[in-house]
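*Asks:*
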Amino acid sequence: MKKFIEPTPEERRQLLNEYGVPYDRIVREKERREITSLCRSSAWEMEQNEAYPQRRKIGKAGAGWLLSDLLFWLRTLER
Numbered sequence: 012m013k014k015f016i017e018p019t020p021e022e023r024r025q026l027l028n029e030y031g032v033p034y035d036r037i038v039r040e041k042e043r044r045e046i047t048s049l050c051r052s053s054a055w056e057m058e059q060n061e062a063y064p065q066r067r068k069i070g071k072a073g074a075g076w077l078l079s080d081l082l083f084w085l086r087t088l089e090r
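Adding 11 to a residue's 1-based position in the sequence shown gives its number in the numbering used here.
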């Protein structure tokens with residue numbers, strides 16, 4: 012699997028603008044699944060292999076992903 016490389020700040024802004032999203036935000040598990048169509052275990056496995064965006068900690072027990080990272084990951088699959 013190809014390693015996921017985070018987008019640059021400019022790529023993030025451009026991608027969010029294309030989707031009409033005014034700002035980047037943290038996406039939780041349910042929305043991540045809707046965006047990527049990947050089950051939790053597949054996403055976790057790819058994340059461990061660095062082929063998927065890394066989750067971000069939210070407080071002590073919560074976690075989520077940056078929307079721009081998920082959209083960028085989807086775009087790299089299309090190429």
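Beta carbons: idealized from backbone N, C-alpha and C, even for Gly.
Using a 10 Å radius around the Cβ and a threshold of 16 neighbouring Cβ atoms, would you call LEU85 buried or exposed?
*Replies:* For this step, residue 85 is matched to residue 74 along the sequence shown. Under this definition LEU85 is an exposed residue.
*Asks:* Let me know if SER48 comes out buried or exposed under the rule of 16 or more other beta-carbons within 10 Å of its beta-carbon.
*Replies:* Here residue 48 is taken as the residue at index 37 of the sequence shown, counted from 1. Exposed.
*Asks:* Which residues share a DSSP beta bridge with LEU77?
*Replies:* What you label residue 77 is simply residue 66 of the sequence shown in a count that begins at 1. DSSP, once it has assigned bridges, lists ILE37 as partnering LEU77.
*Asks:* At what residues does the beta strand (DSSP E) containing ARG24 begin and finish?
*Replies:* What you label residue 24 is simply residue 13 of the sequence shown in a count that begins at 1. Segment 20 to 29 is the alpha helix (DSSP H) holding ARG24; no beta strand (DSSP E) there.
*Asks:* Nearest by alpha-carbon distance to TRP76: which of PRO20, GLU42 and TYR34 is it?
*Replies:* Reading the sequence shown from its first residue, position 65 is the one you call residue 76. It is GLU42 whose Cα lies nearest to the Cα of TRP76.
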